[in-house]
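Here's the structure, in C-alpha cells; my notes come after.
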Amino acid sequence: FRVFNPLLQQAKFDPHGTYVRRWIPELGTPEYPTPMIDHTTAKERGIAAYRAALEAMGKVPTRS
Numbered sequence: 781f782r783v784f785n786p787l788l789q790q791a792k793f794d795p796h797g798t799y800v801r802r803w804i805p806e807l808g809t810p811e812y813p814t815p816m817i818d819h820t821t822a823k824e825r826g827i828a829a830y831r832a833a834l835e836a837m838g839k840v841p842t843r844s
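To convert a position in the sequence shown, counted from 1, into our numbering, add 780.
Laid out in C-alpha cells, this is it:
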C-alpha cells in the first residue's frame, strides 16, 4: 500500500518544473490558488483509515 505524494513525484520526475509549468503557467504567480490539502495530514489520515479497514476485516497490516 502506497500513498501517492504529488510533491515527491514532482521532485523526482520533474525537478525543474518543466512539465508542470507547461500545463499550469500560473504556478508561482499571485493568481495561483493556495493549497487546499496538507499532504502530510492527508497521508496520515489515509494510512489510519486503511489500517482501520484492515483491522475491521480481521487482517493485520504488514510493512513492505
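Each residue gets a CB set at the ideal place from its N, CA and C atoms; glycine is no exception. Everything numeric in this text was worked out from a predicted model, so none of it was measured.
Requested in this report: May I ask you to report which of helix, strand or coil DSSP gives R801?
Outcome: In the structure shown, R801 falls within a helical segment according to DSSP collapsed to helix, strand and coil.
Query raised in the report: Would you call the CB atoms of K839 and V783 closer than 7 Å?
Result: Going by C-beta atoms, K839 is not nearer than 7 Å to V783.
Query - Limits of the unbroken alpha helix (DSSP H) element including L788 - result: Under the DSSP assignment, L788 falls in the alpha helix (DSSP H) whose first and last residues are 786-793.
Query raised in the report: What are the boundary residues of the alpha helix (DSSP H) that includes L834?
Result: Its alpha helix (DSSP H) spans residues 819-836.
Query raised in the report: Nearest-angstrom Cα distance between M837 and A828?
Result: Rounded to the nearest angstrom, the two C-alpha atoms are 14 Å apart.
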